[in-house]
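First up is the structure itself, then whatever we jot down about it.
Residue numbers (my numbering): 19 to 86.
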């Protein structure tokens, strides 16, 4: 499975243009690690949102560790 990062910029999502793309495993892992540092700060009361956040964190952990 391919894991990559894409950087876009624009006035809106639909108008954004691709600026950079990287499949470098170290870049992807470092980015996932940074996102993990930011997650968990928000506490969700809604059980559905809580589960979505848990799944997102687990996915980021797998990307960070390089699991395929």
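Just so it is clear, CB atoms sit at the ideal spot from N, CA and C, and this is done for glycine as well.
Since this is a predicted model, take the numbers as computed values, not measurements.
Residue 81 burial status per 10 Å Cβ neighbour count (16 or more: buried): On the chain shown, position 63 is the one that residue 81 refers to. Counting Cβ neighbours within 10 Å, residue 81 comes out buried, since at least 16 surround it.
Alpha-carbon to alpha-carbon, residue 23 and residue 31: Position 13 of the chain shown holds residue 31. Position 5 of the chain shown holds residue 23. Each residue's Cα considered, the two are about 16 Å apart.
Range covered by the alpha helix (DSSP H) that runs through residue 40: Along the chain shown, read from residue 1 onward, the residue named residue 40 stands at position 22. Here residue 40 belongs to no alpha helix (DSSP H); instead the beta strand (DSSP E) covers 35 to 40.
Inter-residue Cα distance where the pair is residue 35 and residue 46: What you label residue 35 is simply residue 17 of the chain shown in a count that begins at 1. What you label residue 46 is simply residue 28 of the chain shown in a count that begins at 1. For residue 35 and residue 46, the distance between alpha carbons rounds to 20 Å.
Buried or exposed by the 16-neighbour rule on C-beta atoms within 10 Å, applied to residue 33: Walking along the chain shown from the start, residue 33 turns up at place 15. Under this definition residue 33 is an exposed residue.
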